[in-house]
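Undergrad:
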Amino acid sequence: MSRKKKAPSRRVAWLVAGALVLVAGALLYVYGGRYWYDHRTPNFKAKSVVDVYPGTTADSLLSIVKPLAKDPASVERAFRSEGLTGAVKPGRYVIDPTVTSVYAARMFAHGWESDISLTIAPTFRFKSGLADQLGRQLMIGREPIAAALNDPAFLSRYGMDTLTVLTAFIPDTYSIKWSVSVDDLFERVKAEYDAYWNEERRAAAAAQELTPTEVAILASIVHEETKNVPEMPTIAGVYLNRLHTKGWKLEADPTLNYLQGYRESHLYDRHKRVDSPYNTYMYPGLPPGPISCSPKECLEAVLHPEMHKYYFFCASPDNFHLSEKDRHHNFAATGAEHSRNAAAFQAAQRRYEQSKK
10 MSRKKKAPSR
20 RVAWLVAGAL
30 VLVAGALLYV
40 YGGRYWYDHR
50 TPNFKAKSVV
60 DVYPGTTADS
70 LLSIVKPLAK
80 DPASVERAFR
90 SEGLTGAVKP
100 GRYVIDPTVT
110 SVYAARMFAH
120 GWESDISLTI
130 APTFRFKSGL
140 ADQLGRQLMI
150 GREPIAAALN
160 DPAFLSRYGM
170 DTLTVLTAFI
180 PDTYSIKWSV
190 SVDDLFERVK
200 AEYDAYWNEE
210 RRAAAAAQEL
220 TPTEVAILAS
230 IVHEETKNVP
240 EMPTIAGVYL
250 NRLHTKGWKL
260 EADPTLNYLQ
270 GYRESHLYDR
280 HKRVDSPYNT
290 YMYPGLPPGP
300 ISCSPKECLE
310 AVLHPEMHKY
320 YFFCASPDNF
330 HLSEKDRHHN
340 FAATGAEHSR
350 NAAAFQAAQR
360 RYEQSKK
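Per this note's numbering, the very first residue in the sequence shown carries number 10; after that it's consecutive.
1) From the DSSP output, in three-state form, read off C302 for me.
2) Touching or not, the segment 253–270 and the segment 283–300, by the rule of three or more beta carbon pairs under 8 Å?
3) Measuring alpha carbon to alpha carbon, tell me which of P131, F117 and I244 ends up nearest F322.
4) What's the gap between the Cα of T220 and the Cα of E362?
5) Return the chain-ordered list of same chain residues with a C-beta closer than 7 Å to the C-beta of Y40, the five sequence neighbours on each side being excluded.
6) Identify every residue that forms a DSSP beta bridge with I129.
7) Please state whether DSSP places H253 in a helix, a strand or coil.
8) With DSSP collapsed to three states, give me the class of R101.
9) For L312, which option in N159, M241 and H280 has the closest C-alpha, if you only look at C-alpha atoms?
10) By DSSP, does S57 sit in helix, in strand, or in coil?
11) If the criterion is Cβ atoms closer than 8 Å, does the pair Y205 and N250 meet it?
12) Rounded C-beta distance between A225 and P299? I'm assuming under 8 Å.
13) Can you give me the C-alpha to C-alpha distance between V97 and G64, rounded to a whole angstrom?
14) On the criterion of 16 or more Cβ atoms from any shown chain inside 10 Å, does Q269 qualify as buried, or is it exposed?
15) Evaluate I7 with the Cβ neighbour count: other Cβ atoms within 10 Å of its Cβ, from every protein chain shown; 16 or more gives buried, anything less gives exposed.
16) Decide if the segment 106–113 is in contact with the segment 77–89; the criterion is three or more beta carbon pairs, one per stretch, under 8 Å apart.
17) Among P106, D181 and S188, which has the Cα closest to the Cα of G144?
18) Spatial neighbours of V247 within its chain, please: CB distance less than 6 Å, with the 5 preceding and 5 following residues excluded, ordered by chain position.
19) Would you grab the beta carbon distance between I185 and L127 for me? Rounded to a whole angstrom, and I think it's under 8 Å.
20) Excluding the five sequence neighbours on either side, which residues of its own chain have a C-beta within less than 6 Å of the C-beta of F53, listed in chain order?
21) Straight-line CA distance for E333 to N266?
22) DSSP has N339 in a bridge; who is on the other side?
23) If you follow the alpha helix (DSSP H) that L227 is part of, which residue opens it and which one closes it?
24) Mapping DSSP to helix, strand and coil, what is A96?
25) Which residues in the same chain have their Cβ closer than 6 Å to the Cβ of K136, if we skip the five residues on either side of it in sequence?
26) Please report how far the alpha carbon of A200 lies from the alpha carbon of G150, in whole angstroms.
27) With 16 as the cutoff for other CB atoms within 10 Å, does I230 come out buried or exposed?
28) Which whole-angstrom value describes the C-beta separation of S301 and E233, a residue pair presumed to lie in contact below a C-beta threshold of 8 Å?
29) Find out if the Cβ-Cβ distance for the pair H337, S325 is shorter than 8 Å.
30) To the nearest whole angstrom, what separates the beta carbons of R101 and V58, a pair I think is in contact under 8 Å?
31) What did DSSP end up calling K186 once you bin it into helix, strand or coil?
32) Rounding to the nearest angstrom, what Cα-Cα distance links P161 and T176 in this structure?
33) Can you have a look at S274 and say buried or exposed, based on whether 16 or more other CB atoms are within 10 angstroms of its CB?
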């Protein structure tokens, strides 16, 4: 009798065990498959850039990232598994289509921000233009940068001042974090300045009887005179000849343009009477600060000028039919020769203006 009672009990046990195995297998299939997918399978449709600003929460970030994924539920699971809650570290994050949901979640959780290429282009003439240019590229935006450029106490920490601060920015493209702070930005600018102004360049500046700041100031004038790179050392040589010859003023038209905010298309004698240390027709030597940003080509032109006896230059009559980068000048050692060059240019200018009527 006891054996007959035990048989059904064994069958039930085997059925229960079998059911448990099936359930465990199903759970392993479901959760194991999800784990594998979340950790091992690329889950994004295309390369995407996600900008995270200060104060962005994990929930709002999740709503941005999910539409970028092939399987949005996988992203949601990854955010949970990586403990992404509350505020997320700000930065610019690049999600490559080869990454998994978990990797993307870890990027945000640990602040694995991607670098950006920050371009300082020599296209600005005033501090406001530099602030605009940098502000468009960085998370901090324009206003904190503009404030720093006009803050004497802040700039003094980096050996800069409000008058010559533009000379500290060496035009180039730099790899930097999009979320960089103002302090870290100026630390980087100072480091790049020190790297550029190495012992060799400082010696070249001294050979021209200039400091690095003075080189940049003169280079800014050269830049406003010409965009023709091969001609830059020749024009630098003219200004250095004037600068180092007793009784000569720089008499650089671009400094008058600077005083007019670059709004005048023509300069007249009245512009030469504006009382300002930037008026190089009125005051000897260099102006107290740069009149624009100096590209490296202009800096190198001042450091390695063409050695000649020219004291004058005038735009070529051919320039009316040339692109800006190809326009050039005629150079002269004497005032009489310069007057002839100027007359030739003015005659060509009249013919050109007449042809446009």
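All residues carry an ideal CB built from backbone N, CA and C; glycine is no exception.
TA: In short, the structure shows the following:
1) What you label residue 302 is simply residue 293 of the sequence shown in a count that begins at 1. Coil.
2) yes
3) Position 313 of the sequence shown, counted from the start, is the residue given in the question as residue 322. Here the closest residue by C-alpha is I244.
4) Here residue 220 is taken as the residue at index 211 of the sequence shown, counted from 1. Here residue 362 is taken as the residue at index 353 of the sequence shown, counted from 1. Distance between the alpha carbons of T220 and E362 is about 43 Å.
5) For this step, residue 40 is matched to residue 31 along the sequence shown. In this prediction, Y40 scores a pLDDT of 47, lower than 50, which makes its location untrustworthy; no coordinate-derived value is stated.
6) Residue 129 sits at position 120 when you count from the first residue of the sequence shown. I129 pairs with D181.
7) In the sequence shown, residue 253 corresponds to position 244, counting from 1. Reduced to three states, the DSSP call for H253 is coil.
8) The count along the sequence shown starts at 1 and reaches residue 101 at position 92. R101: strand per DSSP, three-state reduction.
9) Counting from 1 along the sequence shown, the entry for residue 312 is found at position 303. Looking at the Cα atoms, M241 is the closest of the given residues.
10) Stepping through the sequence shown from its first residue, residue 57 is reached at position 48. Strand, per DSSP.
11) As a position in the sequence shown, residue 205 is number 196, starting the count at 1. As a position in the sequence shown, residue 250 is number 241, starting the count at 1. The answer is no: Cβ separation not under 8 Å.
12) Within the sequence shown, the letter at position 216 stands for residue 225. Within the sequence shown, the letter at position 290 stands for residue 299. About 6 Å separates the two Cβ atoms, so the contact holds.
13) One-based indexing of the sequence shown puts residue 97 at position 88. One-based indexing of the sequence shown puts residue 64 at position 55. Using only the alpha carbons, I get a separation of about 7 Å.
14) Mapped onto the sequence shown, residue 269 falls at position 260. The residue in question, Q269, is exposed, as its Cβ has fewer than 16 Cβ neighbours within 10 Å.
15) With the chain covering only 10 through 366, there is no way to say anything about residue 7.
16) yes
17) The residue you call residue 144 lines up with position 135 of the sequence shown. Minimum Cα distance to G144 is reached at S188.
18) Working through the sequence shown from its first residue, we reach residue 247 at position 238. Result list for V247: Y319 and F322, in chain order.
19) The count along the sequence shown starts at 1 and reaches residue 185 at position 176. The count along the sequence shown starts at 1 and reaches residue 127 at position 118. About 5 Å separates the two Cβ atoms, so the contact holds.
20) In the sequence shown, residue 53 corresponds to position 44, counting from 1. The answer, listed in chain order, is L77, A78, I104 and P106.
21) Taking the sequence shown and counting its residues from 1, one reaches residue 333 at position 324. Taking the sequence shown and counting its residues from 1, one reaches residue 266 at position 257. Going from the Cα of E333 to the Cα of N266 covers about 18 Å.
22) In the sequence shown, the residue the question calls residue 339 occupies position 330. C323.
23) Walking along the sequence shown from the start, residue 227 turns up at place 218. P221 to E234 is the extent of the alpha helix (DSSP H) around L227.
24) To locate residue 96, count along the sequence shown from 1; it is residue 87. In the structure shown, A96 sits in a strand (DSSP, three-state: E or B).
25) As a first step, residue 136 must be located in the sequence shown, where it is residue number 127. Same-chain partners within the cutoff: L158.
26) Position 191 of the sequence shown, counted from the start, is the residue given in the question as residue 200. Position 141 of the sequence shown, counted from the start, is the residue given in the question as residue 150. One C-alpha to the other measures close to 22 Å.
27) Taking the sequence shown and counting its residues from 1, the one referred to as residue 230 is at position 221. Buried, by the Cβ-count rule.
28) Position 292 of the sequence shown, counting from 1, holds the residue named residue 301. Position 224 of the sequence shown, counting from 1, holds the residue named residue 233. The Cβ separation is near 6 Å, so the contact holds.
29) The residue labelled residue 337 in the question sits at position 328 within the sequence shown. The residue labelled residue 325 in the question sits at position 316 within the sequence shown. Yes, the pair counts as a contact, with Cβ atoms nearer than the cut-off.
30) Here residue 101 refers to the residue found at position 92 of the sequence shown. Here residue 58 refers to the residue found at position 49 of the sequence shown. 6 Å between Cβ atoms; contact.
31) Taking the first residue of the sequence shown as position 1, residue 186 is located at position 177. Residue state, collapsed to three classes: strand.
32) In the sequence shown, the residue the question calls residue 161 occupies position 152. In the sequence shown, the residue the question calls residue 176 occupies position 167. The straight-line gap from Cα to Cα measures roughly 15 Å.
33) The residue you call residue 274 lines up with position 265 of the sequence shown. Per the 10 Å Cβ criterion, exposed.
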